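In the numbering used here, the protein residues as written are 7 to 591.
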């Protein structure tokens, strides 16, 4: 009986404990609810001091970040990959002048361009003004790129501007650039160090008067901002123990196609520069290393170095040719002479595209990149793709046209094995065979002013040709008066013609090039048109492409240079020689 009583007592105790816990929990909940209700209905007054510390303050806009990018001394291709990448993500770019415009091509659309030319006055004031502008820009733009010529931390204002950013609480980083100290001598064919020549001193003569007595006469000197004080500087160096016969080279426009180098000695360089009529700020190298220029000059000896070349063609097609000419040291200038426009009567093209889809043709012949582009635009208009060419044979007049077709994922069935032209295409075109060819019709989309060579040749082979105007070539407006005068007076060293229409249109809007101007053409048809206009052609591309045209002109320039050197004559550009007239073909 005792155990039973014990068990009953434990159960009662447990029940009492549970009841008490529930009561306490309920009481706690009631109190919490009451406190919450009281706080909601009648909030207590908070002391002012505490309120001030707990009030939410609107945060200021975070400061931006600045990247200082060195773009090199002049040649746009010297920009580093890191510099290109940060430009692609920039919200704002601070530039100093027109020389920085080529680098803006790497920026995203809508980027803010800030002119950082600085304030008027001394150099120190200009640096301070640029620093303030960079800081101001970083306070309104998240990602700022500051472009500086050369290297940001080498004879540049990058360090001072970076200090200003640090004081303003703005983060920054630096992407080094190629300094003019090393780049300009390298482009002039002058090594700063060689075996036995290991000591180089760089002096910026714009900063303060320097003590030349501490310099060693056998070391290499690189002088910056020296042109205005070159006479005093050379005299001071000779007085300090340098031999008056020490070799000196002064290079203006370094790393660009306008580069000019004058070589002399400490005793003659001032007079040499005056005789060469060379003006502008120069990088001056003093020392025996200058003597290596004769064998190491690589930039100024390019076949078209310094040539001013006219490129008359449509603007959207000038890029590859101009890039290739620059590679050879030329200064190309694009002058639009033709504009590619849709045909006046689009119904003809509409009918041809429908016929292509319905199986009306056996062949499609493309004679230009523009023809490929015109057909592709029609396909897009009708919602068609490359499958519309199923069962058709495709012909292309040359490699460039074939590349344009290849962008569609299509490989041409026929390319000329010889001359890449309409005539070359006809030579390889198979004659119509009633047994082998179920259809005898060819679709030929081309320009409104194209020659009849291909149509006549295909007709003779038994094919019926739908000669369709896919696009029109319209003569552009005349170039500005200075350009027209330069063309007529021979200030251009060469003109490169990429089609017969560019010959006709250039002569029509600007007149014939001067007799001294070198003429280069892209192929036989363009050569014939040039000769019909009284021009003697000096160079012709081996195949009809922009790159080959530039190569052909470069070969002509190299041969011309070699001939002058062999004759002991100074190497001059065509625009510098006026004797005689161009012999007409």
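All residues carry an ideal CB built from backbone N, CA and C; glycine is no exception. Only a predicted model underlies this, so the values are computations on that prediction, with no experimental measurement involved.
With distances taken between CA atoms, residue 353 lies nearest to 476 out of 476, 219, 371, 303. The DSSP-derived three-state label of residue 338 is strand. Between the C-alpha atoms of residue 453 and residue 397 there is a straight-line separation of about 25 Å. Ranked by Cα distance from residue 309, the options 578, 569, 560 are led by 560. In this structure, DSSP gives residue 454 a state outside helix and strand, which the three-state scheme calls coil. Under DSSP, the beta-bridge partners assigned to residue 257 are 267, 289. Taking a contact as a CB-CB distance under 8 Å, the pair residue 181 and residue 92 counts as one, their CB atoms being some 7 Å apart.
Inter-segment contact for the segment 530-538 and the segment 482-489 is absent: fewer than three beta-carbon pairs are separated by less than 8 Å.
Residue 355 counts as buried, since no fewer than 16 other beta carbons sit within 10 angstroms of its beta carbon. Spatial neighbours of residue 427 in its own chain (CB-CB distance under 7 Å, excluding positions within 5 residues in sequence) are listed in chain order as 403, 529, 530, 531, 550. In this model, residue 233 and residue 270 are separated by some 14 Å (Cα to Cα). For residue 224, the three-state secondary structure derived from DSSP is coil. At the C-beta level, residue 289 and residue 228 come within 8 Å of one another. Its chain contains 384 as the residues whose beta carbon lies nearer than 6 Å to that of residue 359, once the 5 sequence neighbours on both sides are disregarded; these appear in chain order. Relative to the Cα of residue 337, the nearest Cα in the group 327, 458, 345, 344 belongs to 327. Setting aside the 5 residues that flank it on each side, residue 267 is surrounded in the same chain by 194, 255, 257, each with a C-beta closer than 6 Å to its C-beta; the list follows chain order. Secondary structure within the segment 65-132: the beta strand (DSSP E) runs of 3 or more consecutive residues, fully enclosed, are 71-76, 98-101, 118-121 (chain order). Residue pairing for residue 475: DSSP places it in a beta bridge opposite 452. Contact check for residue 442 and residue 471: beta-carbon distance about 19 Å, past the 8 Å limit, so the pair fails to qualify.
Residues of the same chain with a CB within less than 8 Å of the CB of residue 393, apart from the 5 flanking positions on each side, do not exist.
Straight across, the Cα-Cα distance linking residue 262 with residue 340 is about 18 Å. The three-state secondary structure of residue 439, taken from DSSP, is coil.
Pairing residue 144 with residue 113 gives a Cβ-Cβ distance that is not under 8 Å. Around the beta-carbon of residue 200, fewer than 16 other beta-carbon atoms lie within 10 Å, marking it exposed. The three-state secondary structure of residue 179, taken from DSSP, is strand.
A buried status is given to residue 523, since no fewer than 16 other beta-carbon atoms sit within 10 Å of its beta-carbon. The alpha carbon of residue 458 has as its nearest neighbour, out of 424, 401, 373, the alpha carbon of 373.
The residue from 516, 386, 250 with its alpha-carbon nearest to that of residue 342 is 516. Just so you know, the alpha carbons of residue 283 and residue 498 end up roughly 20 Å apart.
In the three-state reduction of the DSSP assignment, residue 314 falls in the strand class, which pools E and B. Around the Cβ of residue 467, a 10 Å sphere holds fewer than 16 other Cβ atoms; the residue is exposed. The C-alpha of residue 86 lies about 7 Å from the C-alpha of residue 77. For residue 105, same chain residues with a beta-carbon under 8 Å away, outside a window of 5 residues either side, are 80, 155 in chain order. In this structure the segment 230-249 does not touch the segment 310-317; the number of beta carbon pairs closer than 8 Å is below three.
Nearest to residue 238 by C-alpha distance, out of 570, 220, 273, 207, is 273. Residue 95 holds the alpha-carbon nearest to the alpha-carbon of residue 147 among 102, 111, 95, 159.
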